[in-house]
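**Q** Please find one structure pasted underneath; my questions will follow.
Number of protein chains: 4
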Amino acid sequence: MRILYLGDVMGRAGRRAIAEGLGPLKQRLGVDFTIVNGENASGGMGLTGAHARLILEAGADCVTLGDHAFDQKEMLSFIETEPRIIRPLNFSKAAPGRGARVFEATRGRKVLVAQILGQVFMKRPFDDPFSAIEAVLKSHPLGGLVQASVVDIHAEATSEKMAVGHFCDGRASLVVGTHTHVPTADTMILSRGTGYQSDAGMCGDYDSVIGMDKAEPLRRFLTGMASERFTPAEGPATLCGVLVTTDDRTGKAVEIQPVREGGRLIASPA
Amino acid sequence: MRILYLGDVMGRAGRRAIAEGLGPLKQRLGVDFTIVNGENASGGMGLTGAHARLILEAGADCVTLGDHAFDQKEMLSFIETEPRIIRPLNFSKAAPGRGARVFEATRGRKVLVAQILGQVFMKRPFDDPFSAIEAVLKSHPLGGLVQASVVDIHAEATSEKMAVGHFCDGRASLVVGTHTHVPTADTMILSRGTGYQSDAGMCGDYDSVIGMDKAEPLRRFLTGMASERFTPAEGPATLCGVLVTTDDRTGKAVEIQPVREGGRLIASPA
Amino acid sequence: MRILYLGDVMGRAGRRAIAEGLGPLKQRLGVDFTIVNGENASGGMGLTGAHARLILEAGADCVTLGDHAFDQKEMLSFIETEPRIIRPLNFSKAAPGRGARVFEATRGRKVLVAQILGQVFMKRPFDDPFSAIEAVLKSHPLGGLVQASVVDIHAEATSEKMAVGHFCDGRASLVVGTHTHVPTADTMILSRGTGYQSDAGMCGDYDSVIGMDKAEPLRRFLTGMASERFTPAEGPATLCGVLVTTDDRTGKAVEIQPVREGGRLIASPA
Amino acid sequence: MRILYLGDVMGRAGRRAIAEGLGPLKQRLGVDFTIVNGENASGGMGLTGAHARLILEAGADCVTLGDHAFDQKEMLSFIETEPRIIRPLNFSKAAPGRGARVFEATRGRKVLVAQILGQVFMKRPFDDPFSAIEAVLKSHPLGGLVQASVVDIHAEATSEKMAVGHFCDGRASLVVGTHTHVPTADTMILSRGTGYQSDAGMCGDYDSVIGMDKAEPLRRFLTGMASERFTPAEGPATLCGVLVTTDDRTGKAVEIQPVREGGRLIASPA
Ligand SMILES: [Fe+2]
Ligand SMILES: [Fe+2]
Ligand SMILES: [Fe+2]
Ligand SMILES: [Fe+2]
Ligand SMILES: [Fe+2]
Ligand SMILES: [Fe+2]
Ligand SMILES: [Fe+2]
Ligand SMILES: [Fe+2]
């Protein structure tokens, strides 16, 4: 099965690239199941119901969130009405929605998607992601009721992300990081068969500071003071992520490749 | 001019890859000037004089350090005897050594190398890197006494690194990040001509947690307690970094490409 | 009932003050139940079995720990043999020992003691303390099986400590902070009857940097580099904490006063 | 000379206590020079010109700020017109205003006031406070052109505050902390004659979470999400700080006592 994971959609530039580019990309890559991180799709902060629908209609089978999950307050109720949206398992005990769910891919195959938040260098504290993902992986063994499983580790620190990768190795089809908004070039298959990339990168304009228009971030770094609000950069976006091919019987990764398309970054090798 | 920058050399695996691989790599890529980050070459923590010599003899023209600059106490005196080693400009007012220096590349061309530490998500506090690098860039304009300049932003946060990139854009030949030990895939030339990559990645074994043997980092994440010391992973290392080609007249980047060679990562396109 | 809580015992100076001073202090104050924080009693880092025994023999009915709970590895097994030692409820799912327990005070009265770790500004991440203490307080209502209850919030941030105070207000007899090693002067009874002080302060030598000999902390602040190990300051210690008088029927605080005795700090009013 | 330092004035409750209580308090204590921290006087966030005037008219000779110095944008220009307002020395190189100044106390005596920001556990990074205060103390020796000097260390960590105290010991009349909004009970004279208290505490309503109405902070701790804005608590405020008596000839502290007056905290001993 071919699973496409695209990272944090960043504002209007990211949404446009998804709306226009996701369909053709899936076609060209022969994708069976698509996951898109949407935590920054609305003005760079959170996800509205309308923008969630846009991403789903563009071809995502599942939308994940992150630390910005409920920055748009309407998501607090919308997530209860839309089972294709996942928020981190360890967001907060009081959060609505779910952190893991089994989805259906092409030809009825089952895919588990789960998201966890890191604890290192995050602006707010979250509970232990390792025990949270342990419980989910234990109850959804590969080669049992699910043919594949994907873990989104939404985190800052490369050490924590690599540790999650090894922790899930052999028990998930893909562990992919999000949150830093920069794709990493460490795409690999870990020793027990799990596909891995430390960060998917964002779907956004890379002539920016992590997707935001450069002016205000630079002012804040230089003066230590906020002058204006952050607004997403509006130049052409790069769709960024990873494509993993799994063995339906074992659930393990047999091939993995980075995906970078459009915008300013060097396109991934065809 | 062709400038090669290789990221954090991690322990014995990284040193071996440098000793055996740097010469042939320079040859194949036609490199005029080589910079290697050495802050983790000795047991994963700091750099001894002997290991600094090893890296220089392998072909580095300049060795940069980082937050681990003086983890090996002998570097406090060794750095005063070896002008080819650079420590961060904003390490601490009490630190020995220098944070920027002009080097000679092939055919007598001059290259400025400077290193700064980020302030965001770092384990210790450092002074403002923006004003530190501003002063150095102002006194070393491209196309003046130097034909090229390289800024190593040793930092965790992608936002801070991209902000440094844009801050130096048009004034440096290359801004390259280090410290996360994972290469990023955002290799690009910024709008005013500076080559950029958020992180060079490490020269180390990627079957690890940022270069360290997996067992102890995993135990610490799972139990919250240290059991043993961290030790570098010993598997085959990947040499990771970036190659920038600059215009000797303007000092700007005309071409940039990622470098990944050996070990577990997908090799960079030839 | 009169409950004495003394803060973090710091090294030899703190142990000596406890060994010599706790007995007479209890006598003079007419104490029914005594809790002492021991997380720094052994060289400033953790607690050995021998030092735990010393504190218990000096008159503590219960010893609490903190983020340094298992810095002395022997505590990993010792805590299983000594039920009078409590470690934080939210230390790590893998930690031995317990985070709350019911003790017996004079005349057979029951006292619940529980400890939680804060999440804000701590060097390591811990799980949510609010839901952890909620569960314990719910199953141990005041005026039910326990005549009094004490919550030790081991944390850095005053905001988090005050929030824990209000969260437990009316449901615990005393909420007292530890960890900063400086006593606060905000001793009060909250609006629904819980005694509160943001930090008990340490039992240690205040001519120091939070109990450590001044020289090395100052060197590290000035140079950004470690030169030597930290060692506890050896001057005369101040016993620091709080004394709360509770109503045995309601479990609420009827009186509260700071305790400071010996060493360099101004003694608390008799 | 008798110098009164009062900590962070918190919103309307704090302003009212200053307006009504500072005059009588100065009278009763026989104060020669008064410093008030104003960084939270306006809605809990920053200081407007009008509120600065209110504090000065109530009897402050000098108003210090903190990390919230310019939360009210008008302070960016107001500070240039009002030399009695001091912002931290190490706020940012781009900040307007000054971080240290010599003031005149009763009978023409000179008092240096300087403020520095800590680096540990602060939400934003700041430059090294030790070298910043070193320069100021060196150029303003006690017993020279100034009869007294006061250093406000606006910081979170008790370790950093105590280190600043010892660093300035014998060179300043008083080192007093601000920022945590909780008074500490470690009022003392350090070994070379500098008066010290780790935190002055706030001038605000202590039935709160560091001066803010309890409801929203509690919601955020419990749910991990913001629901509303923070608003200052409106109950009766406690004026909190410290009174130091100095020797005009040596500039050293000869006596020091905490000040707590009104509101919910136990009043300081007369
Ligand atoms: Fe995020
Ligand atoms: Fe994001
Ligand atoms: Fe580093
Ligand atoms: Fe490194
Ligand atoms: Fe602690
Ligand atoms: Fe402690
Ligand atoms: Fe502050
Ligand atoms: Fe404040």
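If you read the sequences in order, they're chains A, B, C and D.
The opening residue of the first sequence carries number 1 in the numbering used here; numbering runs sequentially from there.
The opening residue of the second sequence carries number 1001 in the numbering used here; numbering runs sequentially from there.
The opening residue of the third sequence carries number 2001 in the numbering used here; numbering runs sequentially from there.
The opening residue of the fourth sequence carries number 3001 in the numbering used here; numbering runs sequentially from there.
Virtual Cβ for every residue (Gly too), placed ideally from N, Cα, C.
1) What residues from chain C crowd round S131 (chain A), counting only those whose CB sits closer than 7 angstroms?
2) When you compare each of A:V150, A:G143 and A:N40 to G99 (chain A) by their alpha carbons, which one comes out closest?
3) Could you give the distance in angstroms between the alpha-carbon of A1052 (chain B) and the alpha-carbon of D1205 (chain B)?
4) Could you check where the alpha helix (DSSP H) with A163 (chain A) kicks off and where it finishes?
5) Does at least one heavy atom of ligand 3 sit under 6 angstroms from the Cβ of G1046 (chain B)?
6) If you reduce the DSSP assignment to three classes, tell me which class R1084 (chain B) lands in.
7) Count the C-beta pairs between the region 3226-3234 of chain D and the region 3182-3195 of chain D that are closer than 8 angstroms, then say yes if the count reaches three, no if not.
8) List the residues of chain B whose Cβ lies closer than 8 angstroms to the Cβ of V3120 (chain D), in chain order.
9) Quick one: residues in its chain with C-beta nearer than 6 angstroms to the C-beta of K2161 (chain C), no 5 flanking neighbours on either side, listed in chain order?
10) Of all the alpha helix (DSSP H) runs that stay within the bounds of the region 1010-1068 of chain B, which reach a length of 4 or more residues?
11) Name, going along the chain, the residues of the region 200-221 of chain A whose beta-carbon falls closer than 9 angstroms to a beta-carbon of chain B.
12) Rounded to whole angstroms, how far is the Cβ of T2194 (chain C) from the Cβ of G2170 (chain C), which I believe are closer than 8 angstroms?
13) Kindly identify the DSSP beta-bridge partner or partners of M212 (chain A).
14) May I ask you to check if the CB of D3008 (chain D) is nearer than 6 angstroms to at least one heavy atom of ligand 8?
15) Counting only beta-carbon separations shorter than 7 angstroms, does M162 (chain A) have a partner in chain D?
16) Since D3128 (chain D) meets chain B, which of its residues come closer than 9 angstroms, beta carbon to beta carbon?
17) Would you call the region 233-244 of chain A and the region 5-21 of chain A touching, i.e. three or more CB-CB distances under 8 angstroms?
18) What is the DSSP secondary structure of E3134 (chain D), reduced to helix, strand or coil?
19) Can you find a CB in chain B that lies within less than 7 angstroms of the CB of R2 (chain A)?
20) Using a beta-carbon distance below 7 angstroms, is G1224 (chain B) in contact with chain C?
21) Measuring alpha carbon to alpha carbon, tell me which of C:L2025, C:R2012, C:R2016 and C:G2014 ends up nearest S2268 (chain C).
22) Let's test the definition: count the other Cβ atoms within 10 Å of the Cβ of E255 (chain A) and tell me whether it reaches 16, buried, or not, exposed.
23) With DSSP as the reference, please indicate the residues paired to H3154 (chain D) in a beta bridge.
24) What distance in whole Å lies between the Cβ atoms of D2248 (chain C) and R2109 (chain C), which are believed to be in contact at a cut-off of 8 angstroms?
25) E1039 (chain B) and L1047 (chain B) look like a contact to me (Cβ under 8 angstroms); what is the Cβ gap, rounded to whole Å?
26) Are at least three pairs of beta-carbons, each pair with one atom in the region 1123-1131 of chain B and one in the region 3112-3127 of chain D, less than 8 angstroms apart?
27) Determine the chain C residues that contact F1070 (chain B) at a beta-carbon separation under 8 angstroms, and present them in chain order.
28) Please report how far the alpha carbon of P83 (chain A) lies from the alpha carbon of K1123 (chain B), in whole angstroms.
29) I believe A114 (chain A) touches I133 (chain A) by the beta-carbon criterion, under 8 angstroms. Please report the beta-carbon distance rounded to the nearest angstrom.
30) Closer than 7 angstroms between beta carbons: that is the criterion. Which residues of the region 3255-3268 of chain D meet it against chain C?
31) If you measure from the beta carbon of K1188 (chain B) to each beta carbon in chain A, is any gap under 7 angstroms?
32) Can you give the Cα-Cα distance for P2183 (chain C) and V3182 (chain D), rounded to whole angstroms?
33) Taking Cβ positions, are T1250 (chain B) and T180 (chain A) nearer each other than 7 angstroms?
34) Determine the direct distance from the alpha carbon of G1118 (chain B) to that of N1037 (chain B), and round the result to whole angstroms.
35) Does any residue of chain C have a CB that is nearer than 7 angstroms to the CB of T3184 (chain D)?
36) H1181 (chain B) versus chain A: which residues are under 7 angstroms apart at the beta carbon?
**A** Per the coordinate set shown:
1) Locating residue 131 (chain A) in the first sequence gives position 131, counting from the first residue. What S131 (chain A) touches in chain C: K2093.
2) Along the first sequence, read from residue 1 onward, the residue named residue 99 (chain A) stands at position 99. It is A:V150.
3) Taking the second sequence and counting its residues from 1, one reaches residue 1052 (chain B) at position 52. Taking the second sequence and counting its residues from 1, one reaches residue 1205 (chain B) at position 205. Between A1052 (chain B) and D1205 (chain B), the C-alpha separation is close to 19 angstroms.
4) Stepping through the first sequence from its first residue, residue 163 (chain A) is reached at position 163. Annotation for A163 (chain A): the continuous alpha helix (DSSP H) segment containing it runs T158 to C168.
5) Within the second sequence, residue 1046 (chain B) is the residue found at index 46, counting from 1. No, ligand 3 has no heavy atom inside 6 angstroms of this Cβ.
6) On the second sequence, position 84 is the one that residue 1084 (chain B) refers to. Assigned with DSSP and collapsed to three states, R1084 (chain B) falls in coil, not helix or strand.
7) In this structure the region 3226-3234 of chain D does not lie against the region 3182-3195 of chain D, because fewer than three pairs of beta carbons, one per stretch, are closer than 8 angstroms.
8) Taking the first residue of the fourth sequence as 1, we reach residue 3120 (chain D) at position 120. The contacting residues are P1125.
9) In the third sequence, the residue the question calls residue 2161 (chain C) occupies position 161. Cβ neighbours of K2161 (chain C) beyond the five flanking positions: I2153, A2155, G2177 and S2198.
10) Under the rule that a run must span 4 or more residues, the alpha helix (DSSP H) segments found entirely inside the region 1010-1068 of chain B read 1011-1029 and 1049-1057.
11) Residues G201, Y206, D207, S208, V209, I210, M212, K214, P217, L218, R220 and F221.
12) Residue numbering aside, residue 2194 (chain C) sits at position 194 when the third sequence is read from its first letter. Residue numbering aside, residue 2170 (chain C) sits at position 170 when the third sequence is read from its first letter. The beta-carbon distance between T2194 (chain C) and G2170 (chain C), rounded to whole angstroms, is 6 angstroms. This is short enough to meet the 8 angstroms contact definition.
13) Counted from its first residue, the first sequence places residue 212 (chain A) at position 212. DSSP, once it has assigned bridges, lists A:V209 and A:P232 as partnering M212 (chain A).
14) What you label residue 3008 (chain D) is simply residue 8 of the fourth sequence in a count that begins at 1. Taking non-hydrogen atoms of ligand 8 into account, the C-beta of D3008 (chain D) is found less than 6 angstroms away from one of them.
15) Sequence index remark: in the first sequence, residue 162 (chain A) carries index 162 (1-based). False, the Cβ-Cβ gap to chain D never drops below 7 angstroms.
16) Locating residue 3128 (chain D) in the fourth sequence gives position 128, where the first residue counts as 1. Residues of chain B passing the Cβ test: S1092, K1093, P1125, F1126 and D1127.
17) Contact between the region 233-244 of chain A and the region 5-21 of chain A is present: three or more C-beta pairs spanning the two stretches fall below 8 angstroms.
18) Here residue 3134 (chain D) refers to the residue found at position 134 when the fourth sequence is read from its first residue. If DSSP states are grouped into helix, strand and coil, E3134 (chain D) belongs with the helices.
19) As a working mapping, residue 2 (chain A) is identified with position 2 in the first sequence. R2 (chain A) does not count as touching chain B.
20) Numbered from its first residue, the second sequence carries residue 1224 (chain B) at position 224. G1224 (chain B) counts as touching chain C.
21) Reading the third sequence from its first residue, position 268 is the one you call residue 2268 (chain C). If we check each option's Cα against that of S2268 (chain C), C:L2025 comes out closest.
22) Here the question's residue 255 (chain A) lines up with position 255 in the first sequence. By the 10 Å Cβ count, E255 (chain A) comes out exposed.
23) As a first step, residue 3154 (chain D) must be located in the fourth sequence, where it is residue number 154. D:L3117 and D:T3178, per the DSSP bridge assignment.
24) Position 109 of the third sequence holds residue 2109 (chain C). Position 248 of the third sequence holds residue 2248 (chain C). For R2109 (chain C) against D2248 (chain C), the beta-carbon gap comes to about 6 angstroms, under 8 angstroms, which counts as contact.
25) On the second sequence, residue 1039 (chain B) is found 39 positions in, with the first residue counted as 1. On the second sequence, residue 1047 (chain B) is found 47 positions in, with the first residue counted as 1. In this structure E1039 (chain B) touches L1047 (chain B) by the C-beta definition: roughly 6 angstroms separates them, less than 8 angstroms.
26) Yes, they touch.
27) Indexing the second sequence from 1 puts residue 1070 (chain B) at position 70. Within chain C, the residues near F1070 (chain B) are M2225.
28) Against the first sequence, residue 83 (chain A) aligns to sequence position 83. Against the second sequence, residue 1123 (chain B) aligns to sequence position 123. So the alpha carbons of these two residues sit roughly 39 angstroms apart.
29) Here residue 114 (chain A) corresponds to residue number 114 of the first sequence, with the count starting at 1. Here residue 133 (chain A) corresponds to residue number 133 of the first sequence, with the count starting at 1. Separation of the CB atoms of A114 (chain A) and I133 (chain A) is rounded to 6 angstroms, and the pair is thereby assigned contact status at 8 angstroms.
30) Within the region 3255-3268 of chain D, the qualifying residues are P3258, R3260, R3264, L3265 and I3266.
31) Working through the second sequence from its first residue, we reach residue 1188 (chain B) at position 188. The question names Lys, yet the displayed sequence has Met at residue 1188 (chain B). The beta-carbon of M1188 (chain B) is placed less than 7 angstroms from the nearest beta-carbon of chain A.
32) Here residue 2183 (chain C) refers to the residue found at position 183 of the third sequence. Here residue 3182 (chain D) refers to the residue found at position 182 of the fourth sequence. Spanning the two alpha carbons is a distance of roughly 10 angstroms.
33) For the purposes of this step, residue 1250 (chain B) is taken as residue 250 along the second sequence, with counting starting at 1. For the purposes of this step, residue 180 (chain A) is taken as residue 180 along the first sequence, with counting starting at 1. No, these two residues do not count as a Cβ contact at 7 angstroms.
34) Indexing the second sequence from 1 puts residue 1037 (chain B) at position 37. Indexing the second sequence from 1 puts residue 1118 (chain B) at position 118. Pairing N1037 (chain B) with G1118 (chain B), the inter-Cα distance amounts to about 16 angstroms.
35) Within the fourth sequence, residue 3184 (chain D) is the residue found at index 184, counting from 1. Yes, T3184 (chain D) counts as interfacial toward chain C.
36) Position 181 of the second sequence, counted from the start, is the residue given in the question as residue 1181 (chain B). Here the neighbours are T158.
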